Each structure stands twice: as C-alpha cells, then as structure tokens.
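Residue numbers (the numbering used here): 105 to 296.
Below: one structure, written as structure tokens.
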C-alpha cells in the first residue's frame, strides 16, 4: 500500500496548514482502493489549541468515489489550552470516535517534546461516542537521521478490536487530519 499527496503548489507554499489535497491509496498493482480528500479551508484567526474559527475537515472515499467516512476538527474559542479534538464520523455523519491530540499528555504519558529524540512518541487518545478510551495512536520519532533529513512521518494506528471496516476508515481519516493539522503544525513551528 502506498499513498502520495496531490495538491497545488501555491497552497503548499502560501498556506500549507489549510491546503486542499487528494491522497489516493494504491495497492501493489497501482490500483486506487481508497482516497482521502481535504478541501481548502483558510482560518485567518488560527491559534490552536486555544482558538480556531474554521473547522478543518476531510473525507474518506471508496474506489467508486462514495464517501465512507469523514473527519473534522472541533472549533474552539478559548475553551482549551492544551488539547485539540477531532470527530471521526461514518458516511451518515454519525459520530464513531473522538480523537484527542494533547500538547501536554495522553493516557500513555507526556507529549512534551514529542516526537523527538527526547520523547519518542506523540500519543493521541481515541474515545468512543460515550467517552470511553478504546485505543491510542502514536506518531513515532523516526530517529535522528530520518527525522532530521526528511519530512516523513511514522504513525502507528491501533484500531479498536471490534471496529468495522467503515469505522476503521473513519479513524484513519481522523488520524490523517491530526497528521495535517497537528503534527505538521508542530513540525513547522519547531523549524522556524
């Protein structure tokens, strides 16, 4: 399985945090079996995790182009100083999971200085609609050589045991949104 982002040069350079993209997942025969699509949504007052005006979102589509899951970031207005939350929904818009990406900690420990050589994993908690913790997903530091030379990301997605394929697609969509909205944001902020 492989995936390569397709996006416009101007958006990648001028407003990379909000860029639109298409991300087709292909198998070994180069056949696309799933696509992640994100619309361009600029937020002029973007100050996460404390303040956001525009919800970042994306859709997961099957090989026929039908939406099978969506994910969106919750809006904030000074209600959270440390954690950003993302909703993973099925094709009907029903909440499947809520993902919490905290700058401070997760159920597995501290997220300070993560993912780096000082703290190797940035962990996000995955809760079911009732708020019960069902899984944790980690972004893993790839090591000093890869981490310093590339913009590659290593993520370990732990799907809940009883998750259906549609629920897994919803969680994958939420994790992709966390990647683009949180992990890339942290990386850019650290490289300035």
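Glycine is no exception: its CB is placed at the ideal position from the N, C-alpha and C atoms.
Predicted model, so just to flag it, every value in this text is computed and none were measured.
- By the 16-neighbour rule on beta-carbons within 10 angstroms, residue 268 is exposed.
- With the rule of 3 Cβ pairs closer than 8 Å, the segment 238-246 does not count as touching the segment 162-177.
- Approximately 5 Å separates the beta-carbon atoms of residue 207 and residue 186; this is inside 8 Å, confirming the contact.
- DSSP, read as helix, strand or coil, puts residue 105 in coil.
- The alpha-carbon separation between residue 132 and residue 138 amounts to approximately 13 Å.
- With contacts defined by Cβ atoms closer than 8 Å, residue 273 and residue 172 form a contacting pair.
- A check of alpha carbon separations from residue 192 across 286, 107, 276, 264 identifies 276 as the nearest.
- The beta strand (DSSP E) runs of length 3 or more contained entirely in the segment 108-132 are, from start to end of the chain, 125-130.
- Around residue 115, the same chain offers 123, 124, 144 as residues with beta carbons nearer than 7 Å, after the five sequence neighbours per side are excluded.
- The Cβ atoms of residue 203 and residue 194 lie no closer than 8 Å to each other.
- DSSP lists 192 as the beta-bridge partner residues of residue 201.
- Between residue 188 and residue 108, the alpha-carbon positions lie close to 26 Å from each other.
- Its chain contains 105, 106, 107, 136, 137, 138, 139, 140 as the residues whose beta carbon lies nearer than 8 Å to that of residue 129, once the 5 sequence neighbours on both sides are disregarded; these appear in chain order.
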